[in-house]
Structure formats: structure tokens, C-alpha cells
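Worksheet for the structure shown next.
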Amino acid sequence: MASAPAPAPALAAPTLPVDILEDIFLRLHEAADLARASAVCSSFRRAACDRGFLRRFRSLHPPPVLGVLAFENPGVLLHAKPPHRSAPAARALAQAADFSFSFVPRGPNYGNRVWRVWDALDGRVLLSMNRYRNTALEDLVVCDPLHRRYVQIPPTPGELVASNRCHDDVDFEPFLAPALKEEEMHELSFRVICNVRSSYKVVTLVFSSVTANWRGATSISFLPDRLVDNPRSLVRYYVRGCFYWTCASVKHMLLLDPREMKLTLVKLPHIELPRFNHKLPVIVDAGEDKLGVVTVGYMNNTLDLDCKTWWNNDDGMEDWQHKIIPLPELGYEWYIKGAADSYLLLKVIRKGSEIPKQVFYILEVKTLSFERLHVSVSDMGFGPPRFFASFPPPLSLPTI
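So the sequence shown is numbered by the UniProt record's numbering: it starts at 1 and just counts up by one.
In C-alpha cells, the structure reads:
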């Protein structure tokens, strides 16, 4: 009796080249989809966890907003609530993280003063007990509220500030910046930038967690043209890896590319600004390689969006294109409270209400989708709120 033929050997699953895998993964819409794909096999996981790929993925798919931190109200995260799509993750974050920053020590000279939020980026928060910008910030701390870890930033060297100091009063504007590409081999790396601003000049200092030192990086003078009357009135926005500053009465914006550490002035589109200074031009990522400038419309029920293609921070010769974005509710007063990447934080209150609730919405400019983020009976106080939009990588354990 003839024996049964031996079973054919199992064919190995075809292996796709890494560049094709990355192109496929870049077409996924959510980070959760990427996480599920990475669990399929080891080759998928290697491709999805590559740092260069993750940089590209985040640039195309910024993480959804989980909440907003207010400068004046330390310990308060206005986190996303239903029906916002980020509500489950935001609720878990609010329960697990310490946004009172009780794990960060304070010096004996600070008494009852509390930590205040100066900036937030990639899930990390920059704190100081100093409320005012016109005093040197000597107590800067970068912390991770989820893992309750922190790194204390040394004071800016006096000689470095003095050598760049102007003849009149200055203020200090510290904020977080991503690590340089050559620093990314250090998994926990980050940078802190501090602008020293006078009435006619901006000097930029940079701290690197890799070198643990401050250095002078760049500067710009607004003389003799005075295209910016008062640099201390500029408001900062972070879009597509670069920083932009605008203010109400200025026809130019200030641009800092943190990779090249170069400050430049770029002409804004002609904008008919309303009378009220809370309706300032805001910089956003408008999608399709376009940079957007947003203001609240004159009748307060629309947003005006001017956008143009923006390659490598070169504004080129293309004209700004104007669009009108209708706001979903009439009979309300709209305010732009903040912006980051493609997201706008909008506050709305009912006109004529004596004690109105503050209702906050998130508008994603790329898709023009509105989502209610939070309802509160109190405002956010002084200073622009900061978006908390991702879970942070852990910082190193404290050494002090």
C-alpha cells in the first residue's frame, strides 16, 4: 500500500521592504491603528517603532488633544469629556497623572507660592514659581506629570544674559522645544528655549538636556525698520516643528526654526482685524503643506482663514488664499483661546449671560471638525493655555 505523500513545507510569509511598510503605516489615521498593526509580527513592530518613521507619522497625524493646562490654575487639567473622541484616554490621564505637581520640590524661599505652567509639549510640562516675565526665571523645571518625574533646569548664566542684554527692561519667555535629530539617540532628550526680549530686540538662549548647559543661539533686531513695535507683546504658536509669534498691530510674524536656530520676519496676509484685541491672528497647520492664519470674523460667527503652501519655512511667491469657516452656533460670543499645530481652542459664551458657563471647543483646521472639549464655570485666567496632546516618554529619575 503506497504511503501518503509528505505534506508540503509551509511557505514563509512574504516580507515587505521596510520603506513599503512605512508607506502603508503612514496611511493609517490613528495612533491606535498603528499600535494594533505593530502587534502583528516582529517586522511590523520594528518598522512602527523606528524613530525616524514615528517623526514622520506624528507630523502627518498629530495626537488628539487630551486636555488643556491653564497658567493661572495649577493642578487643573481641563480634560476632554464626552462626546469628545479623546474622552476615555483623557479621563484615564486625569486619574493617573499629578497635575498639582506635588512631586516637584520647592525651595525654602518660595513660601506658599505654587508651580505655574509656562509651556507643554509632547506630554511634558515646563514649570516655574515665577509669575512674571520681567524677572529672570531661576526655578525652571521640566516634568512628566504621568510618571511623576522631573528635571531641574539650571539658571541662565548671568554673563550670557548680560552679554546680550539690551539697554532697557527685558522680559524672559521660556518654552519647550523638541530635541535635535543628533540628540535623539538619547531617548529622554529635550530642549528649553528662552527668549530675552526688549522693546526692539530678541535674543534666544537654548538649554539642551544632553549637554546640561545653556548657550546663546541667535538674535534679531527690529531696528531701524521697526516692523515689530514691541516684541514683548508677541504671542507664540507651535506649528509643524517651528515657532511663530504674532500680535494684533503687526503686519509681520516672527519665525524661529529650532533646527537651524534662525529668527526671521515673514509678512502676514492683509487682515482686517476687529477692534477687540482678543481676536489676534493665530498660526495653524492648515493641511496639504499649507500654513494658516486664523482670526475671528467681524460679525463673530465665522473664522477667517488665510493659508498658503509653506515648504521648508519659505513663504515663496504664492498668494495667501482666503477661506471663511462658519461657526456652529449663532447668538454666542466666540474667542480663540489658543492653538497648536492644526488645533484651535475656542471658547464660547452666550451673549448677555450674567454668569455664563465657559464652553470650550476644539476645531481641527485640517478637517474643519468641531468637538466640544469641556464645560467650566471659571475662565483660564492670565496667560495662554497650553495643550496637553500626548502621553509623555518618561524622564530620567531626579538627581536632586
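Think of the CB as a built atom: it goes at the ideal place given N, C-alpha and C, for glycine as much as any other residue.
Report the rounded CA-to-CA distance for C194 versus S128, giving the unit in angstroms.
13 Å
Alpha carbon of V104 to alpha carbon of V375, nearest angstrom
29 Å
For the putative contact between L66 and A48, defined by C-beta atoms under 8 Å, what is the C-beta separation to the nearest angstrom?
Actually they are not in contact, since the Cβ atoms of L66 and A48 sit about 21 Å apart, beyond 8 Å.
Starting from G287, trace the alpha helix (DSSP H) both ways and give me its first and last residue.
Per DSSP, G287 belongs to no alpha helix (DSSP H); it is in the beta strand (DSSP E), V282 to G287.
How would you label P224, buried or exposed, when you count the other beta carbons within 10 angstroms and need 16 or more for buried?
exposed
Whole beta strand (DSSP E) elements within the region 60-97, 3-residue minimum:
67-69 and 77-79
Between V365, V348 and L363, which lies nearest to K357 when the distance is taken from Cα to Cα?
V348
On the criterion of 16 or more Cβ atoms from any shown chain inside 10 Å, does T367 qualify as buried, or is it exposed?
exposed
Inter-residue spacing [alpha-carbon to alpha-carbon] between H278 and Y335
Residue placement at H278 is flagged as unreliable, the pLDDT there being 48, under the threshold of 50; a coordinate-derived value is accordingly withheld.
On the DSSP letters alone, give me the boundaries of the beta strand (DSSP E) that L205 sits inside.
K201 to S208
Return the Cβ separation of A389 and P83 in integer angstroms, given the expectation that the two are a contact with Cβ distance under 8 Å.
A389 to P83, Cβ: 19 Å. No contact.
On the CB-based measure, 16 or more other CB atoms within 10 Å of its CB, does P258 come out buried or exposed?
buried
Every unbroken beta strand (DSSP E) inside the region 114-159 [3 residues or more]:
116-121, 124-128, 141-144 and 149-152
Spatial neighbours of W320 within its chain, please: CB distance less than 6 Å, with the 5 preceding and 5 following residues excluded, ordered by chain position.
P269, D306 and K308
To which residues of the same chain is A97 closer than 7 Å at the C-beta, ignoring the five residues directly before and after it?
P145 and L146
Where G241 sits in the DSSP three-state scheme
coil
Distance between S198 and R113 (C-alpha atoms, nearest Å):
27 Å
By alpha-carbon positions, which one of A339, A39 and Q152 ends up nearest to V68?
A339
Three-state secondary structure (DSSP) at F276?
Because the pLDDT at F276 is just 43, under 50, the model does not fix this residue reliably, and the value given afterwards should be weighed accordingly. Coil, per DSSP.
Ignore the nearest five residues each way along the sequence and tell me which others in Y244's own chain have a CB closer than 6 Å to its CB.
Y237, M253, L255 and I283
Helix, strand or coil for D169 per DSSP?
coil
Less than 6 Å between C-beta atoms, sequence neighbours within five positions excluded: which residues of the same chain meet that for F175?
D119 and I193
Cβ-Cβ distance between D296 and T246 below 9 Å:
In the sequence as displayed, the identity of residue 296 is Val instead of Asp. No, the Cβ-Cβ distance between V296 and T246 is not below 9 Å.
List the DSSP bridge partners of A339.
L344
Of the residues W310, C41 and S102, the one placed nearest R240, counting alpha carbons only
W310
Does DSSP classify E333 as helix, strand or coil?
strand
Whole-angstrom distance between S189 and D19, CA atom to CA atom
27 Å
From the DSSP secondary-structure annotation, give me the bridge partner or partners of H270.
Note: H270 sits in no beta bridge, so no partner.
Please name the residue, chosen from H322, T302 and D33, that lies closest to residue 411 on a Cα-to-Cα basis.
What is shown of the chain runs 1 to 400, which leaves residue 411 out entirely.
Delimiting residues of the alpha helix (DSSP H) encompassing E30
E30 -> no alpha helix (DSSP H), and no H or E assigned at all.
Using a Cβ-Cβ cut-off of 7 Å (strictly less than) and excluding sequence neighbours within five positions of P328, which residues of its own chain qualify?
F370
Using the DSSP secondary-structure output, state which residues sit across from K357 in a beta bridge.
None; K357 has no bridge partner.
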